[in-house]
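J.:
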Amino acid sequence: MSVLVGHETRLLVQGITGREGAFHTGACRDYGTRVVAGVTPGKGGQEVAGVPVFDTAREAVRATGANTSLVFVPPRFAADAIAEAVDAGLDLVVSITENVPTQDMVRVVRARPPGGTRILGPNCPGAISPNRAKVGIMPGFIHREGAVGVVSRSGTLTYEAVHQLSRRGIGQSTCVGIGGDPVIGTSFVDVLELFAADDETEAVVLIGEIGGSAEEEAADFIRREMTKPVVGFIAGQTAPPGRRMGHAGAIVMGGKGTAAEKMEALRSAGVHVVESPADIGAMMESALPGS
Numbered sequence: 005m006s007v008l009v010g011h012e013t014r015l016l017v018q019g020i021t022g023r024e025g026a027f028h029t030g031a032c033r034d035y036g037t038r039v040v041a042g043v044t045p046g047k048g049g050q051e052v053a054g055v056p057v058f059d060t061a062r063e064a065v066r067a068t069g070a071n072t073s074l075v076f077v078p079p080r081f082a083a084d085a086i087a088e089a090v091d092a093g094l095d096l097v098v099s100i101t102e103n104v105p106t107q108d109m110v111r112v113v114r115a116r117p118p119g120g121t122r123i124l125g126p127n128c129p130g131a132i133s134p135n136r137a138k139v140g141i142m143p144g145f146i147h148r149e150g151a152v153g154v155v156s157r158s159g160t161l162t163y164e165a166v167h168q169l170s171r172r173g174i175g176q177s178t179c180v181g182i183g184g185d186p187v188i189g190t191s192f193v194d195v196l197e198l199f200a201a202d203d204e205t206e207a208v209v210l211i212g213e214i215g216g217s218a219e220e221e222a223a224d225f226i227r228r229e230m231t232k233p234v235v236g237f238i239a240g241q242t243a244p245p246g247r248r249m250g251h252a253g254a255i256v257m258g259g260k261g262t263a264a265e266k267m268e269a270l271r272s273a274g275v276h277v278v279e280s281p282a283d284i285g286a287m288m289e290s291a292l293p294g295s
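The numbering used here applies: residue 5 is where the sequence shown begins, and numbers increase by one.
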């Protein structure tokens, strides 16, 4: 089975009437995702490519049974859109929006009820279960259905890893971009727990970055709980201390969060760590059960 998104996904798009929202609504629908509604305040009653638009997420859920949201709302309003989706009782909210103010995300994450809506992102590419559902901005054609889960802080490196896997005939169960901001709604550990419990996921690719402690926490979980092979890569191995590299959370401060520390933590947990992203596919091919 897939995790987070699949045949059961009924998607609403917040910000559907904007350029990016409209474009990716079409791309998700063309991939096979059931897009049932859109939300743009003040534009209820319209349609975008045959998808009905509502003024609020709650109205959209009542009318269509939507259970997942994809957020294409400008940064200053994105946290409120996420909070609205949480209040509407959706199972999953995926925020593509970049540059959401950190204080806004702290407020939303703290206010989320325990065991309530799962928030993916912000500043993430989304999630895809090949041949089942795409909720995000990733190029669907590079994915193929299979048994390797992918979880990453980097969208671009996720695509690179998936392309390598697919070219080697290694399919994916679900690929999840958790986002590269300092405050995000879903962690590596959260996704690893899902993959560990998924009977159809036989191995995992984990792509991390410098900054923070998410990779070290993932290593601790892998050491204690994971019985499936994990291939890991850490981006930012040559990044100078104190300079943000790419994502807002990718910065080494006070000598903490370096690539070397993260790679050592993962290796000590039994992860097959590669030095270059170009080696992810080959390493996974050798790490898969029965190889």
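Using N, Cα and C, we set each Cβ at its ideal position, and we do this for glycine too. Nothing here was measured: the structure is a model prediction, and the numbers come from that model.
#1: Should HIS11 go down as buried or exposed, given a rule of 16 or more other Cβ atoms within 10 Å for buried?
#2: Would the region 118-127 and the region 164-173 be scored as touching if the rule is three or more Cβ pairs under 8 Å?
#3: How big is the Cα-Cα spacing for THR44 and GLY212?
#4: Residues in the same chain with beta-carbon distance under 6 Å from VAL9, minus the five sequence neighbours each way, listed in chain order, please.
#5: Using the beta-carbon count (16 or more within 10 Å), is VAL55 buried or exposed?
#6: Which whole runs of the alpha helix (DSSP H) in the region 65-89 are 4 residues long or more, in chain order?
#7: Between LYS232, PRO233, VAL195 and VAL234, which has its C-alpha nearest VAL7's C-alpha?
#8: Could you give the first and the last residue of the continuous alpha helix (DSSP H) run that contains CYS32?
#9: Between ALA31, GLU204, VAL39 and VAL113, which has its C-alpha nearest PHE145's C-alpha?
#10: Measuring only the C-alpha atoms, how far is LEU74 from GLU206?
#11: Hey, quick one: how far does the alpha helix (DSSP H) through THR160 stretch, first residue to last?
#12: Work out the CA separation of HIS276 and ALA61 for me, nearest whole Å.
#13: Thinking C-beta only, is ASP202 closer than 8 Å to ASN127?
#14: Would the beta-carbon of LEU15 fall within 8 Å of that of THR37?
#15: Please report the straight-line C-alpha distance between ILE86 and GLY294, rounded to a whole angstrom.
#16: When we look at the beta-carbon of THR68 and count the other beta-carbons within 10 Å, is it buried (16 or more) or exposed?
#17: So for SER6, helix, strand or coil by DSSP?
#18: Within 10 angstroms of its Cβ, does GLY183 collect 16 or more other Cβ (buried), or is it exposed?
#19: Quick check on SER280: buried or exposed, where buried means 16 or more other Cβ atoms within 10 Å of its Cβ?
#20: I need the DSSP call for ILE182, collapsed to helix, strand or coil.
#21: If you follow the beta strand (DSSP E) that GLY48 is in, where does it begin and where does it stop?
#22: Sort out for me which residues DSSP pairs GLN176 with in a bridge.
#23: Helix, strand or coil: which one does DSSP assign to GLY216?
#24: Whose C-alpha, out of ILE174, GLY125 and ALA70, is nearest the C-alpha of ALA291?
#25: Among all the DSSP beta bridges, which residues are the ones paired with GLN18?
#26: So for VAL104, helix, strand or coil by DSSP?
#27: Determine the direct distance from the alpha carbon of ARG111 to that of HIS297, and round the result to whole angstroms.
#28: Please name the residue in GLY93, VAL187 and THR106 whose C-alpha comes closest to that of ARG66.
#29: Consult DSSP for LYS138 and reduce its assignment to one of helix, strand or coil.
T.: Per the coordinate set shown:
#1: Taking the first residue of the sequence shown as 1, we reach residue 11 at position 7. HIS11 should be labelled exposed.
#2: Verdict: no, contact absent.
#3: The residue given as residue 44 occupies position 40 in the sequence shown. The residue given as residue 212 occupies position 208 in the sequence shown. Straight-line Cα distance between these residues: approximately 34 Å.
#4: If you number the sequence shown from 1, residue 9 lands on position 5. Cβ neighbours of VAL9 beyond the five flanking positions: ALA131, SER133, ALA137 and VAL139.
#5: Against the sequence shown, residue 55 aligns to sequence position 51. Label assigned to VAL55: buried.
#6: Given a length threshold of 4 residues, the region 65-89 has no whole run of the alpha helix (DSSP H) inside it.
#7: Within the sequence shown, numbered from 1, the residue matching residue 7 stands at position 3. The residue with the shortest Cα to Cα distance from VAL7 is VAL195.
#8: Indexing the sequence shown from 1 puts residue 32 at position 28. Taken as a continuous stretch (DSSP letters only), the alpha helix (DSSP H) holding CYS32 covers 23-35.
#9: Translated into the one-based positions of the sequence shown, residue 145 becomes position 141. Closest option to PHE145, Cα to Cα, is ALA31.
#10: Position 70 of the sequence shown, counting from 1, holds the residue named residue 74. Position 202 of the sequence shown, counting from 1, holds the residue named residue 206. When rounded, the distance between both Cα atoms is 28 Å.
#11: For the purposes of this step, residue 160 is identified with residue 156 of the sequence shown, where counting begins at 1. Element bounds for THR160: 159-171.
#12: Numbered from its first residue, the sequence shown carries residue 61 at position 57. Numbered from its first residue, the sequence shown carries residue 276 at position 272. Approximately 42 Å between the Cα atoms of the pair.
#13: Reading the sequence shown from its first residue, position 123 is the one you call residue 127. Reading the sequence shown from its first residue, position 198 is the one you call residue 202. When the beta-carbon positions are compared, ASN127 and ASP202 stay at least 8 Å from each other.
#14: Residue 15 sits at position 11 when you count from the first residue of the sequence shown. Residue 37 sits at position 33 when you count from the first residue of the sequence shown. Yes; because the gap between Cβ atoms is below 8 Å, this pair is in contact.
#15: In the sequence shown, the residue the question calls residue 86 occupies position 82. In the sequence shown, the residue the question calls residue 294 occupies position 290. Their Cα atoms are separated by approximately 43 Å.
#16: Translated into positions along the sequence shown, residue 68 becomes position 64. Classification for THR68: buried.
#17: Sequence index remark: in the sequence shown, residue 6 carries index 2 (1-based). Secondary structure of SER6 (DSSP, three-state): coil.
#18: Looking up residue 183 in the sequence shown gives position 179. That one is buried.
#19: Counting from 1 along the sequence shown, the entry for residue 280 is found at position 276. By the Cβ-count criterion, SER280 is exposed, with fewer than 16 other Cβ atoms from all chains shown falling within 10 Å of its own Cβ.
#20: On the sequence shown, position 178 is the one that residue 182 refers to. Of the three classes helix, strand and coil, the one that applies to ILE182 here is coil, per DSSP.
#21: Locating residue 48 in the sequence shown gives position 44, counting from the first residue. Run containing GLY48: none; DSSP gives neither H nor E here.
#22: The residue labelled residue 176 in the question sits at position 172 within the sequence shown. Per DSSP, the beta bridge partners of GLN176 are VAL152.
#23: Here residue 216 corresponds to residue number 212 of the sequence shown, with the count starting at 1. When secondary structure is reduced to three states using DSSP, GLY216 falls in the coil class, being assigned neither helix nor strand.
#24: Numbered from its first residue, the sequence shown carries residue 291 at position 287. If we check each option's Cα against that of ALA291, ILE174 comes out closest.
#25: In the sequence shown, counting from the first residue as 1, residue 18 sits at position 14. DSSP links GLN18 through a beta bridge to VAL43 and VAL75.
#26: Counting from one through the sequence shown, the residue named residue 104 turns up at place 100. Of the three classes helix, strand and coil, the one that applies to VAL104 here is coil, per DSSP.
#27: This structure leaves residue 297 out entirely; the chain is present only between 5 and 295.
#28: Position 62 of the sequence shown, counted from the first residue, corresponds to residue 66. For the residues GLY93, VAL187 and THR106, the minimum Cα distance to ARG66 belongs to GLY93.
#29: Position 134 of the sequence shown, counted from the start, is the residue given in the question as residue 138. Note: LYS138 maps to strand in three-state DSSP.
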